[in-house]
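Asker:
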Amino acid sequence: MVTGHSGAGGGHSLPGRVRLASTRPVHRRGKAAGPVLARPPPQPCDPPAEDPPPLLRSIHSSEAAVAKAESKQPITPRDQDYARWYQDVIASADLVDSSPVRGCMVLKPHGFAVWEAIRADLDARFKATGHQNAYFPLFIPQSFLSREAEHVEGFAKECAVVTHHRLKATDDGVVPDPAAKLEEPLVVRPTSETIIWHMYGRWISSWRDLPLLINQWANVVRWEMRTRPFLRTAEFLWQEGHTAHATRAEAEEEARRMLQVYKDFCWETLAVPVVTGVKTATERFAGADDTYTIEGMMQNGWALQCGTSHFLGQNFARAFDVTFQNREGELEHVWATSWGVSTRLIGAVIMTHSDDQGLVLPPAVAPVQVVIVPIWRGDRKAMVMEYVDRVASLLGGRFRVRVDDRDNLKPGAKYFEWERKGVPLRMEVGPRDVEGGVVMCRSRLGGDKFKLPVGDDLADRVGETLDGIQRQLLERAVALRDAHIFEVDRYDEMKARLQEQGGGWFRVPWHDDAEAEAAIKADCKATIRCYPLEGQEDAAGRTCFYSGRPATHMAIFARAY
RNA sequence: CGGGGUAUAGCGCAGCCUGGUAGCGCGUCUGCUUCGGGAGCAGAAGGCCGUAGGUUCAAAUCCUGCUACCCCGACCA
580 MVTGHSGAGG GHSLPGRVRL ASTRPVHRRG KAAGPVLARP PPQPCDPPAE
630 DPPPLLRSIH SSEAAVAKAE SKQPITPRDQ DYARWYQDVI ASADLVDSSP
680 VRGCMVLKPH GFAVWEAIRA DLDARFKATG HQNAYFPLFI PQSFLSREAE
730 HVEGFAKECA VVTHHRLKAT DDGVVPDPAA KLEEPLVVRP TSETIIWHMY
780 GRWISSWRDL PLLINQWANV VRWEMRTRPF LRTAEFLWQE GHTAHATRAE
830 AEEEARRMLQ VYKDFCWETL AVPVVTGVKT ATERFAGADD TYTIEGMMQN
880 GWALQCGTSH FLGQNFARAF DVTFQNREGE LEHVWATSWG VSTRLIGAVI
930 MTHSDDQGLV LPPAVAPVQV VIVPIWRGDR KAMVMEYVDR VASLLGGRFR
980 VRVDDRDNLK PGAKYFEWER KGVPLRMEVG PRDVEGGVVM CRSRLGGDKF
1030 KLPVGDDLAD RVGETLDGIQ RQLLERAVAL RDAHIFEVDR YDEMKARLQE
1080 QGGGWFRVPW HDDAEAEAAI KADCKATIRC YPLEGQEDAA GRTCFYSGRP
1130 ATHMAIFARA Y
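Just so you know, we're using my numbering here: the first sequence kicks off at 580 and counts up by one.
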C-alpha cells in the first residue's frame, strides 16, 4: 500500500487548505437534484475505505481480453489495463459512437445528456458572475490566425482549412470545384480569440463599454494526431469565455475568478477534487501572459487538465488594435481574459469515479438519477405497475427518474445494464414491496440494499440518499488524490517512484527553468502540471529538487493525459 | 511522419498454411413460456469476405498495388 509520504519531504499531501475544501457542503445543483440536507443518508452505502486503493496500473496484458471474453463481464478490469478499461466503460455505457471521420465521436443521447447537465450548471454560474452568452462564427479568415505571433505558433499545426465553396460531380464522384476556390481560405476555429477580438474592436471605444463579459457554447476543431474519446477528439464541444477590461488588475481578477468558478463546479457538481495552479511557460496557452489551470488526478495517478483560465494581457488587443478612451480621454489597449472547459470533463468524471462494473456518475450530472425496475410475477403485473407509477410520480418532479418496464429482459439484466450506465440509485419494486409499502433500493456505490417507505417524504429520503452518494464520491476521490501526492526532495526519488507505481503526483521545490522541465519530461515522461496556488510559501529557503539551485516555486509533477 | 499489426454479418471471432463459392458466439426479429442479480424453447433475417488488379477451370484462401483502422513513438485542452 502506497502512503503519502517519503523520506525527507515532510510527508504531507497537498496543502491543508486544499483538503479543507472537501468539507465544504455539496451545494444545490440544478432543480432536478434534491435539496442538501445536513444529515447523512440512512446507511445506503459503504463508508469510504479507510485506505484508498493503490493506483490502477495499465499492464497491457493480452490476458485482459481473454478474461473479458470468457466471463459475462464486458469491461476489462482497471488493474489489468486502465486504458482499455476506459474505452470499455464508455462503450458499455452507450455514451458515444465512433464516426467515419478519424478522431471525431458521436455523442449519443446518454453521453450528450451528461454534457447538457454540465452545461446547465456552468451556464448558471457564468450568468451569476455577470456574463452573457453570444455566438461567433465557425469560420475564421485565415489571415486572422497570423495576427498574434504566439497564437499562430500554437495552433497552426492543427487547423482544418476550408478552401472551396462548391463540389462538382465527376466520374470518380464529387470533387471540390476548381472554379469555386475561395479568395481567402477559411480556418475552422480551433478557438475563437481572433474572430472575437476582431469583433470586440468594433464594439469597444469607451471605458463605458467595459468590462465586456461574454461566453459562448460552441464546437471547435483541432486536428490532433492521436485521439481518445472525450479526452482528446478532433472536434469537441466546449464553452469559451472572452472578456475585455479597462485595467490589468481587473482582467487578472477575472481570470482568477473564473478559475474559482471552475474549481467550485468540479468539486461540487462533478465531485472531482481538482487542484488550482499556474502553468509554466512551457504549458501556457499560446498568446497568454498567464495560464491558470485546474488539474484532476485520475485513478491511475495521471493528471488531467480539466480546464484553463488565461490572463491574456494586451496581446490580442494589440494584435487587433482594440483600444478604448479612458476617463482622462486617453487611448489605451484593453486587457483580456479567456477561459474554457470542454467535453473532456466527462472523461475526468469517468476516470475519477467509475469502477470495474462500469460508469459511475455523480447524481448532479447523471442523466438518470433513479431507475425503477418493476418485478412482476404472473397476474400481479398490473398491481406492481400501478404502484410503480405512484412511486414515479412522487419522485418525478424533483429527480430524473426512469421506469424500466421492458418485458423482454429479466430484472437482473436490467440491474447490470443500469449499473454499466452509471445510474446512482436503483429501486426494485415487486409484489412484496407493494404489500410492505416500500421500495428496495441499492446505491451504485455498493453496500447492502435498503428499504425506503413509500410516503410523502419519499422524495426527501431519496434526496438525502443522492446527496450522500454525491458526497461519498467526492470523499473517495479526495482520499485517493491525497494518498498519491508525494513530497520528494530529490529527482531520482520521483523517477524511481514513478517507475515503480506508474503514476502519482509529486509536489517538489523547483527552480523555474524550461530546459530542465523538458529534460525531465524526456527522462521520465512527467511534466509540471502547475505551480499550485496554495502553499507556494513552502518554497522559501529550499533548494530545487532537480538542480539544487534556490527554489522559486513549489511545483506539481505528474504524468498527464 | 517513423516502427509494428489488422481488415470476413451490428459487435467479437474462426476459416486462409493445404484454393472448390462462408461458419460460430453475442446481438437483432417473430411466437410462446418466463421475470426478487445477466431466462428457456422453437423459428427467422442479416456477409458480392476493405479495395483494384494478377495467377487459376475455380480465390475469403495464393501474388502485387492501394486505402482505412488499431497499437507504439514525436505534437496536444
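Quick reminder that beta carbons are idealized off the backbone N, C-alpha and C, glycines included.
State the Cα-Cα distance for the pair V952 and I1048, rounded to the nearest angstrom.
Answerer: Spanning the two alpha carbons is a distance of roughly 20 Å.
Asker: Which two residues bound the contiguous alpha helix (DSSP H) that contains T773?
Answerer: Start and end: 772-782.
Asker: With 16 other CB atoms within 10 Å as the buried threshold, where does A896 fall?
Answerer: Buried is the call here.
Asker: Since W846 and L1053 are thought to touch, with beta carbons under 8 Å apart, how far apart are those beta carbons, to the nearest angstrom?
Answerer: Yes, they are in contact, since the Cβ atoms of W846 and L1053 sit about 7 Å apart, within 8 Å.
Asker: For the putative contact between A992 and V982, defined by C-beta atoms under 8 Å, what is the C-beta separation to the nearest angstrom?
Answerer: At roughly 16 Å, the Cβ-Cβ gap does not stay under 8 Å, so A992 and V982 are not in contact.
Asker: Buried or exposed: G1127, going by 16 or more other Cβ atoms within 10 Å of its Cβ?
Answerer: G1127 should be labelled exposed.
Asker: Using a 10 Å radius around the Cβ and a threshold of 16 neighbouring Cβ atoms, would you call S933 buried or exposed?
Answerer: With 16 or more other Cβ atoms within 10 Å, it is buried.
Asker: Would you kindly report the start and end of the unbroken alpha helix (DSSP H) that includes M1073?
Answerer: Start and end: 1070-1080.
Asker: Answer yes or no: do R977 and G1042 have a C-beta to C-beta separation smaller than 8 Å?
Answerer: Closer than 8 Å, so yes.
Asker: Helix, strand or coil, according to DSSP, for E1113 in the structure here?
Answerer: In this structure, E1113 counts as coil in the three-state DSSP scheme.
Asker: From the DSSP output, in three-state form, read off A713 for me.
Answerer: In this structure, A713 counts as coil in the three-state DSSP scheme.
Asker: Where does F1141 sit, in a helix, a strand or coil, going by DSSP?
Answerer: In the structure as shown, the chain starts at 580 and stops at 1140, and residue 1141 therefore has no counterpart that could be examined.
Asker: Taking 8 Å as the limit between beta carbons, can you name the residues of its chain near M1133, skipping five residues before and five after?
Answerer: Here the set comprises R1086, V1087, P1088, W1089, Y1110, P1111, G1114, Q1115, D1117, A1118.
Asker: Per DSSP, which one or two residues make a beta bridge with H889?
Answerer: Note: H889 sits in a beta bridge opposite T870, S917.
Asker: Can you check whether the CB of I793 is closer than 8 Å to the CB of T822?
Answerer: Contact: yes.
Asker: Does the stretch 691-711 come into contact with the stretch 921-941, if we say contact requires no fewer than three beta-carbon pairs (one atom in each stretch) closer than 8 Å?
Answerer: Judged by Cβ distances under 8 Å, the stretch 691-711 makes contact with the stretch 921-941, as three or more pairs qualify.
Asker: Nearest CA to the CA of R1021: which residue from L810, F844, Q948?
Answerer: It is Q948.
Asker: Among L746, H912, F864, which one has its Cα closest to the Cα of F899?
Answerer: Nearest of L746, H912, F864 to F899, Cα basis: H912.
Asker: Determine the DSSP secondary structure at V615, reduced to helix, strand or coil.
Answerer: Summary for V615: the model assigns pLDDT 30, below 50, so the residue's position carries little reliability; its value from the coordinates is reported in the next sentence. In the structure shown, V615 sits in coil (DSSP, three-state: anything other than H, G, I, E or B).
Asker: How about A813 and L789: are their beta carbons less than 8 Å apart?
Answerer: Going by C-beta atoms, A813 is not nearer than 8 Å to L789.
Asker: Rounded to a whole number of angstroms, what is the C-alpha to C-alpha distance between S917 and T902?
Answerer: C-alpha separation (whole angstroms): 18 Å.
Asker: Using only alpha-carbon positions, find the residue among V944, Q711, R906, L891 that is nearest to A828.
Answerer: Comparing Cα-Cα distances from A828 to each of V944, Q711, R906, L891, the minimum goes to L891.
Asker: Just the Cα atoms here: how many angstroms apart are C1103 and L849?
Answerer: Rounded to the nearest angstrom, the two C-alpha atoms are 31 Å apart.
Asker: Thinking just about the alpha-carbon of each residue, which of L940, G1016, V1057 is nearest to the one in R999?
Answerer: For the residues L940, G1016, V1057, the minimum Cα distance to R999 belongs to L940.
Asker: Does the stretch 796-809 come close enough to the stretch 757-775 to have 3 or more Cβ pairs within less than 8 Å?
Answerer: Taking 8 Å as the limit for Cβ pairs, the verdict is that the stretch 757-775 does touch the stretch 796-809.
Asker: Whose C-beta lies closer than 7 Å to the C-beta of E704 among residues of the same chain, with five residues either side of it excluded?
Answerer: Sequence inspection shows Arg at residue 704; the Glu mentioned does not correspond to that position. V840, F844, listed in sequence order.
Asker: Measuring alpha carbon to alpha carbon, tell me which of L1024, Q721, S725, F1029 ends up nearest P764.
Answerer: When each option's Cα is compared against that of P764, the closest is Q721.
Asker: Quick check on DSSP: helix, strand or coil for V1033?
Answerer: Looking at V1033 - three-state DSSP - the assignment turns out to be coil, as it is neither helix nor strand.
Asker: With D667 as the anchor, note down where its alpha helix (DSSP H) starts and where it stops.
Answerer: Its alpha helix (DSSP H) spans residues 661-671.
Asker: According to the Cβ coordinates, are M1073 and A1105 closer than 8 Å?
Answerer: Contact: yes.
Asker: Between which two residues does the beta strand (DSSP E) holding C1020 run?
Answerer: Counting along the chain, the beta strand (DSSP E) containing C1020 begins and ends at 1017-1022.
Asker: Check the DSSP bridge columns for I1107 and list the partner residues they point to.
Answerer: For I1107, which the question treats as bridged, DSSP gives the partners F1136.
Asker: Tell whether a beta-carbon distance below 8 Å holds between V741 and K747.
Answerer: Against a cut-off of 8 Å, the Cβ pair of K747 and V741 comes out as no contact.
Asker: Three or more C-beta pairs under 8 Å: does that hold for the stretch 856-870 against the stretch 709-724?
Answerer: Touching, no.
Asker: Just tell me which of E1014, D667, A943 has its CA closest to the CA of Q966.
Answerer: A small correction: the amino acid at residue 966 is Tyr; Gln does not occupy that position in the sequence shown. Out of E1014, D667, A943, E1014 has the C-alpha closest to the C-alpha of Y966.
Asker: Quick one, are the C-beta atoms of R956 and P1010 less than 8 Å apart?
Answerer: It is a contact, given that the beta carbons lie within the stated cut-off.
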